[in-house]
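Here is the structure we will look at, set down as structure tokens.
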Amino acid sequence: MKKEKEEQKRLFHQWYLFALSSSGFIVIVYIFLHIIFEGKEIKALSPEQFTSINAIISKTDSESAINKKTAVKIGIKDYLKVNLLVGLNEDEEASKVIDSLVDKNSLEYLVLVLPSYPFEVRSFFWMKGFKAYAELFFWIWFGVLSSVLYTVVNAHNVGKFSSKLIYDHIAKLFYAPPVSFILYFSSNLLIGQNLISLDKISNNSIVFVFILGFFSGRAIELLNRLKDVIIPLNGVQNTNNQAEVLKEEIANLSGNIIIGDNTLKELSLENCEVKLTNKNIVSNIYTTKTDKEGFFEFTNIPVGIYQISADLLDDKGFNMGMKQHLVIEKASDFENKPLHLVLNKQP
144 MKKEKEEQKR LFHQWYLFAL SSSGFIVIVY IFLHIIFEGK EIKALSPEQF TSINAIISKT
204 DSESAINKKT AVKIGIKDYL KVNLLVGLNE DEEASKVIDS LVDKNSLEYL VLVLPSYPFE
264 VRSFFWMKGF KAYAELFFWI WFGVLSSVLY TVVNAHNVGK FSSKLIYDHI AKLFYAPPVS
324 FILYFSSNLL IGQNLISLDK ISNNSIVFVF ILGFFSGRAI ELLNRLKDVI IPLNGVQNTN
384 NQAEVLKEEI ANLSGNIIIG DNTLKELSLE NCEVKLTNKN IVSNIYTTKT DKEGFFEFTN
444 IPVGIYQISA DLLDDKGFNM GMKQHLVIEK ASDFENKPLH LVLNKQP
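Each residue of the sequence shown is one higher than the one before, starting from 144 at the first, in the working numbering.
This is the structure we're talking about:
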């Protein structure tokens, strides 16, 4: 037993030092490349900044129209340089572009163009061109290496470090980048918020891929969920393995109805209709009725993405209802886990 602990401790120190030195080497390479090859990013005015530009145009006072125009353009150039560049004189190329844009065009043209004009400015990060994907690749690896260091130390502290972890960590370095890139490019299918932009790399993009690298194991689960969005179940099964597929992809779920309004606690829950609608195959609809206690049960439901809904009309004409998103990934998802559906008055 003592020898096993000593061997485990030796393996931990070896792998920890290797992971730490590898992380340090990649960080040094990253910084060295960013010093040699200058980074660029695309910036645009926010609505608030453009409002300030309009304020400069409307509030600038001068004795003559010519002097006012000159003063306005100077104010616009100074504002753009202060808000878009790292420093007034640090990015000379971008500063010249701003001077040329403002000097050569009328105020009317600038008002139309500035809200969406892509200003190319200096940045430590590579956020423009093909180098942007190298930037993302580095940050995916940073996420993986951070996860590896955290996992190794945590496993050692609780006495559960195993040599099997080493193979898993090495595998992450290879499968995390392609999985993260796939999820990055398909993010619009997974989230409804504009957290990242696919037409240009931004700080949000770097944060997003770092998280995917750090939680690369969970990213695999997310990729599996993406499968249900792109390739939904269609009910067509091979007859040779139909029994096996049905066993793996059929689930049962049960639950009960709860009245959310305290003034209607005495409302009868019997015969409330509960409906399951497959989000990918709208024709797949499953319905059932509740008993006197509000209990309901569905059997032999194929795994997939569903909307579960319930409606109940009482004697006084109150319409109680609810709708809820439901994901059934495997048969055991709702085993011994009853659903509790809360009905509230419908507006």
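By construction, the Cβ of each residue, glycine as well, lies at the ideal position given by its N, Cα and C atoms.
query	result
Three-pair Cβ contact test at 8 Å for the stretch 285 to 297 versus the stretch 248 to 264	no
CB contact below 8 Å: S329 versus chain C	Protein chains in the displayed structure number just one, and chain C is not present.
In chain order, each beta strand (DSSP E) run of at least 3 residues that lies wholly inside the stretch 240 to 272	262 to 266
Distance, T431 Cα to V470 Cα	18 Å
N300 versus V240: straight-line alpha-carbon distance, rounded	56 Å
Check whether I444 and A394 have beta carbons under 8 Å apart	yes
Classification of N346 by the beta-carbon crowding that lies within 10 angstroms, buried from 16 upward	exposed
Cα-Cα separation, E150 to V291	20 Å
Reduced DSSP category for T213 - H, G, I as helix; E, B as strand; rest coil	helix
Exposed unless 16 or more other CB atoms sit within 10 angstroms - verdict on H105	Residue 105 is absent from the structure shown; the chain starts at 144 and stops at 490.
A394, DSSP secondary structure in three states	strand
Neighbourhood of W158 by C-beta, 7 Å cutoff - its chain only, sequence neighbours within 5 removed	V295 and I309
Test item: CB-CB of V104 and I283 under 8 Å	It is not possible to answer for residue 104, since the shown part of the chain is limited to 144 through 490.
Supposed contact pair F357 and S289 - C-beta distance, whole angstroms, cut 8 Å	6 Å
Collapsed DSSP secondary structure at T433 in the structure displayed	coil
Start and end residues, beta strand (DSSP E) containing N443	F438 to P445
Straight-line Cα distance separating K274 from R265	14 Å
Strand pairing of N487, partner residues [DSSP]	G464
Extent of the continuous beta strand (DSSP E) run through K421	Sequence check: residue 421 is Asn here, not Lys. E416 to N421 is the span of the beta strand (DSSP E), which, as asked, contains N421.
Between the CA atoms of F268 and N423 - distance to the nearest angstrom	40 Å
For E364, three-class secondary structure by DSSP	helix
Identity of the residues DSSP links to G182 by a beta bridge	S266
Classification of V225 by the beta-carbon crowding that lies within 10 angstroms, buried from 16 upward	exposed
Coil, strand or helix - V379 by DSSP	Its pLDDT being 44, under 50, V379 is placed unreliably by the model, and the measurement read from it follows with that caveat. Looking at V379 - three-state DSSP - the assignment turns out to be coil, as it is neither helix nor strand.
Assigned secondary structure, I349 (DSSP; H/G/I helix, E/B strand, else coil)	helix
S329 (DSSP reduced to helix, strand or coil)	coil
Close-in-space but distant-in-sequence residues of the same chain around L366 (CB under 8 Å, 5 per side omitted)	V322, I325 and L326
Spatially closest choice to A362 from P320, N399 and G403, by CA coordinates	P320
L486 beta carbon less than 8 Å from that of I428	no
Contact under 8 Å by Cβ, D242 with K212	no
Rounded separation between S189 and P258 - CA only	7 Å
Three-state secondary structure assigned by DSSP to D234	coil
Top-ranked residue by Cα proximity to S475, from N197, T442, I354 and K152	T442
Rounded C-alpha distance that separates Y260 from I178	28 Å
Beta-carbon spacing of K315, S359 below 8 Å	yes
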